[in-house]
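Asks:
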Amino acid sequence: MELTHDPVKKRFCLADWFIASLIFSFSFLVYLATLTPSLSSLSPDGSELATVPAILSLAHMPGYPLYTWLGYLFSKIPIHDVAYRMNLMSAFFAAISAGGLYRIIITIKPNSLDSPSIKKFFYRGFSALAALLFAFSKDIWSQAVIAEVYAPNIGVMVITILALLNWEAKKRPSDYFLFALLFGLSLGTHLSNLGFAPAFIVFTLLTDCSVLKNLRWWLAAAGGFVLGLVQFIWLPIKAASINDRLMLRSTPTTLQGIYKYTLGSFSNLKFAFPIGMLPERLVLYLYMLFQQFGWLGFFLGIVGLFSLLFRRPQHFFLFVLMYGVHIVFFIQYRAFDLEVFFIPAHLLWAIFIAFGLYEIYLFFRSILQSLSGKKLGKEHRTKNTFARIFSTFIILLIIGLPTIVQVNNNRTENDHSEDTAINDFYANVWDILPENTVLLTQGGVFGYDAFYWQLIYNIRPDVTLPTMNNPNPKQNILKGKTIYSTISSTGSKGPGALPPQLLNQSNWYTPVLLGESSENQFQPRGRLVLYRVSETTPILTTDNANPEYKTEVNLGNFTLIGFDIYPEAVESGATINLHFYWEVNNGHVLSIPLVSLMVGDNLISSYIIGMGHLERYEKEIGIKAGDIIQDQFNLVIPSTLEQRKYPLELKVIIPGLGEKSISLGEIEITDQIGMVARWLQQTAGN
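Numbering (numbering that gives the first Met the number 0), first residue to last: 0 to 685.
1) From the DSSP output, in three-state form, read off Arg-364 for me.
2) Would you call Gly-187 buried or exposed, if buried means 16 or more other Cβ atoms sit within 10 Å of its Cβ?
3) If you drop the 5 nearest sequence neighbours on each side, which residues of the same chain put their C-beta closer than 8 Å to that of Met-0?
4) Which of the three DSSP states is assigned to Val-462 in this structure?
5) Can you tell me the Cα-Cα spacing of Asn-407 and Ser-141, whole angstroms?
6) Do the segment 431 to 446 and the segment 459 to 474 touch if we need at least three Cβ pairs shorter than 8 Å?
7) Restricting to runs no shorter than 4 residues, where is the alpha helix (DSSP H) found entirely within the segment 163 to 226?
8) Determine the extent of the alpha helix (DSSP H) in which Thr-106 is found, giving its start and end residues.
9) Taking just the CA atoms, how far does Phe-195 sit from Leu-304?
10) When DSSP builds the beta bridges, which residues end up paired with Arg-531?
11) Return the CA-CA distance between Phe-27 and Ala-97, expressed in angstroms with no decimal places.
12) Would you be able to state if there are at least three C-beta pairs under 8 Å between the segment 525 to 537 and the segment 474 to 483?
13) Between which residues of its own chain and Ser-638 is the CB-CB distance below 6 Å, once the five residues before and five after are set aside?
14) Count the other CB atoms, across all protein chains shown, that sit within 10 Å of the CB of Ala-221; report buried if there are 16 or more and exposed otherwise.
15) On the three-state DSSP scale, how would you describe Ile-668?
16) Return the CA-CA distance between Gly-275 and Glu-338, expressed in angstroms with no decimal places.
17) Quick one: what's Trp-581 bridged to in DSSP?
18) Rounding to the nearest angstrom, what Cα-Cα distance links Ile-666 and Ile-564 in this structure?
19) Alpha carbon to alpha carbon, what distance is there between Met-467 and Thr-669?
20) Apart from the five residues just before and just after Thr-540, which ones in its own chain have a Cβ nearer than 8 Å to its Cβ?
21) So what's Thr-436 in DSSP terms, helix, strand or just coil?
22) Please report the distance separating the alpha-carbon of Asn-409 from that of Phe-92.
23) Going by CA-CA distance only, name the one from Thr-550, Leu-193, Leu-268 and Leu-346 that's closest to Gly-99.
24) So, with DSSP's three-state summary, where would you put Ala-353?
25) Checking the sheet assignment: what are the DSSP bridge partners for Leu-593?
26) Give me the residue from Ile-232, Lys-650, Val-319 and Glu-619 with the minimum Cα distance to Asp-600.
27) Could you have a look at Tyr-332 and say whether DSSP puts it in helix, strand or coil?
28) Less than 8 Å separating the beta-carbons of Val-583 and Asn-556?
29) Is it true that the CB of Tyr-645 sits closer than 8 Å to the CB of Val-598?
30) Does the segment 313 to 327 touch the segment 257 to 266, meaning 3 or more C-beta pairs lie closer than 8 Å?
31) Tell me which residues share the same chain as Leu-299 and place their Cβ nearer than 7 Å to its Cβ, disregarding the 5 neighbours each side in the sequence.
32) Please state the DSSP three-state secondary structure of Glu-658.
33) Give me, in chain order, the residues of the same chain whose beta-carbon lies closer than 7 Å to that of Ser-604; leave out the 5 immediate sequence neighbours on both sides.
34) Among the residues of its own chain, which have a CB less than 6 Å from the CB of Asn-576, if the five just before and after it don't count?
35) Cutting at 6 Å between CB atoms, please list the residues of its own chain near Phe-579, excluding the five before and the five after it.
36) To which residues of the same chain is Phe-521 closer than 7 Å at the C-beta, ignoring the five residues directly before and after it?
Written as structure tokens, this is what we have:
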């Protein structure tokens with residue numbers, strides 16, 4: 000009781016909460032500065048996870064009930080659009096994890112720090128540094144700026160660990176109930192958290208094995224965890240909203256279906272590698288760890304492991320068991336985005352780094368003591384103003400320099416504040432589609448780039464999206480309607496592919512709108528292109544070429560003889576219409592150049608001369624020397640471009656001859672309509 004009312008201890012406790020708040024605030028502000036403005040082109044299921052919470056639907060396996068409910072609350076924040084609010088949730092919980100990580104490290108401080116001292120001052124600094132290194136490490140930062148489950152999950156897990164440590168200090172059944180409840184709820188942000196259960200059980204028994212004889216503890220543990228699991232009733236309640244072909248195979252309307260949708264989901268990805276490949280997979284993980292903290296962070300973590308073992312053995316077993324189970328499971332997991340699954344392991348490694356820093360500090364401190372023959376750091380020494388200022392300067396330097404380096408190393412890759420490609424593209428899709436048309440998109444998770452707009456904002460309800468409610472649409476839904484598509488054919492394969500019998504495989508897909516392309520875009524989503532689907536052969540050649548701007552640029556098989564641009568002054572986020580005229584120099588087209596479209600230094604999109612039809616057109620219709628190929632399409636101008644004039648340029652890659660640049664003059668970008676206002680200008684409902 001005396002310690003509880005100790006004003007010195009209370010002051011230091013308040014200081015720790017203040018520092019945790021600073022870490023949260025700084026991390027959150029940096030995340031905000033690099034936040035994706037709306038839908039992200041980086042995540043395979045980000046558009047789905049930005050949509051489902053706002054309409055209280057069911058997400059892909061394993062359902063993510065807690066994520067959905069938290070997302071629903073964030074979707075009501077009156078700022079920007081719904082997708083931005085979901086990105087904001089990721090930033091918030093990632094910042095929570097950083098501030099909470101500091102609190103975890105402070106809570107498990109070595110016993111030698113029970114009284115105020117210069118040691119505690121430095122330990123606090125090392126704890127802050129470890130939290131900031133984690134906050135701005137490559138992978139957590141990448142997830143903090145998009146709509147995904149991984150940042151909210153790590154935030155919830157940190158809160159869960161803090162609840163467990165709170166029970167350790169107080170040992171009240173009510174505190175264990177809170178921990179068990181949070182642990183059960185955390186499975187609704189990521190089911191892999193269940194793997195931490197053995198570590199939690201071992202830690203509980205090491206802390207107080209007498210709880211096994213305490214009925215109130217059993218009731219608290221079981222009651223809290225089961226209450227957290229009740230969230231999965233959401234699955235059968237919302238099962239009717241599933242629109243993904245893969246998920247429909249395991250509809251969670253029965254106990255077996257619920258199991259397949261949760262614990263049994265993605266079974267083909269689990270333990271996917273033979274034992275002989277485990278060393279190679281471990282090396283892959285170590286590479287990912289080095290990407291987060293570098294070789295120095297790896298070394299400090301190893302030192303910290305031994306420090307934690309001798310200074311806090313109970314916590315050593317807690318965190319090492321959590322870490323070990325997590326690593327063993329996920330190095331055998333087959334996923335294209337494997338790095339994001341190791342974020343909890345990176346957080347645990349940051350704890351080891353903090354202890355490693357502290358151990359090295361004690362080592363050098365002892366050397367200085369030996370050299371001076373005096374005991375450094377007595378309490379009266381800290382009263383010296385110069386010593387305090389010098390110590391403060393040193394610790395700020397220790398925190399500041401590595402943090403600046405970490406931010407500098409990872410900011411460019413994780414700054415997605417100008418990633419508006421999907422929104423800019425679909426704003427123009429809704430603008431140019433004729434009334435009562437059909438828009439074919441991928442089904443399931445990959446179709447939410449388009450579904451988002453109708454499900455959230457009721458934009459263009461006259462446009463039919465066949466895969467929005469059914470991943471296997473029937474042909475009769477297309478009868479008598481003009482058809483457009485965001486995929487190049489119905490013959491493509493993959494989880495979001497259209498049924499091959501939906502359309503005639505001989506149909507022509509002619510690009511009419513090219514959106515911004517990025518090498519960072521998730522590739523199965525495909526390029527942002529709107530196609531006009533037709534059974535009749537498009538007219539590729541013209542006998543009456545009369546371009547406004549005439550040129551004579553020889554490109555081997557082709558010569559660019561002219562082009563048209565309209566308009567030459569365009570609103571950012573809108574489109575310009577481009578019309579190119581290419582004269583065929585040879586009767587047989589041996590190679591077809593790739594044309595990249597540049598606005599200033601920005602690569603906007605690329606296409607192949609003849610709009611991808613030339614080889615087929617040559618076989619079926621025929622092409623001769625002197626024919627003039629015409630390419631006409633709309634190009635989306637990114638809404639992030641500033642208001643000024645930009646050079647417009649073609650970069651043509653000629654097979655066997657290299658690259659050639661062709662200047663098309665200048666276009667003027669204006670900015671009269673707000674970015675979000677332009678995205679939502681076709682809103683019919685909300």
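All C-beta atoms in this analysis are idealised placements derived from N, C-alpha and C, irrespective of residue type, glycine included.
Replies: Considering the structure as presented:
1) helix
2) buried
3) Because Met-0 carries a pLDDT of 37, less than 50, the predicted location of this residue cannot be relied on, and the following value inherits that uncertainty. Correct list: empty, nothing qualifies.
4) Note: Val-462 maps to coil in three-state DSSP.
5) 14 Å
6) yes
7) 172 to 185 and 196 to 206
8) That run of the alpha helix (DSSP H) goes 81 to 106.
9) Rounded to whole angstroms, Leu-304 to Phe-195 spans 18 Å at the Cα level.
10) Tyr-483 and Thr-509
11) 9 Å
12) yes
13) Thr-419, Asp-423, Ser-571, Gly-572 and Met-674
14) exposed
15) strand
16) 21 Å
17) Leu-559 and Ile-628
18) Cα to Cα, Ile-666 sits roughly 9 Å from Ile-564.
19) Note on geometry: alpha-carbon atoms of Thr-669 and Met-467 lie some 35 Å from one another.
20) For Thr-540, where only same-chain residues beyond five positions count, the Cβ hits under 8 Å are Ile-622, Asp-626, Ile-627, Ile-628 and Gln-629.
21) coil
22) 19 Å
23) Leu-346
24) helix
25) Ile-607 and Ile-652
26) Lys-650
27) coil
28) yes
29) yes
30) no
31) Annotation for Leu-299: Ile-352, Gly-355 and Leu-356 place their beta carbon closer than 7 Å to its own, counting only its chain and skipping 5 residues before and after.
32) strand
33) Leu-513, Gly-514, Glu-515, Ser-516, Leu-596 and Leu-634
34) Close CB contacts of Asn-576 within its chain, under the 6 Å cut and outside five residues either way in sequence, are with Tyr-565 and Asn-633 (chain order).
35) Phe-562 and Asp-630
36) In this prediction, Phe-521 scores a pLDDT of 48, lower than 50, which makes its location untrustworthy; the coordinate-derived value is nonetheless stated afterwards. Taken in chain order, the residues that qualify are Ser-40, Leu-41, Ser-42 and Pro-43.
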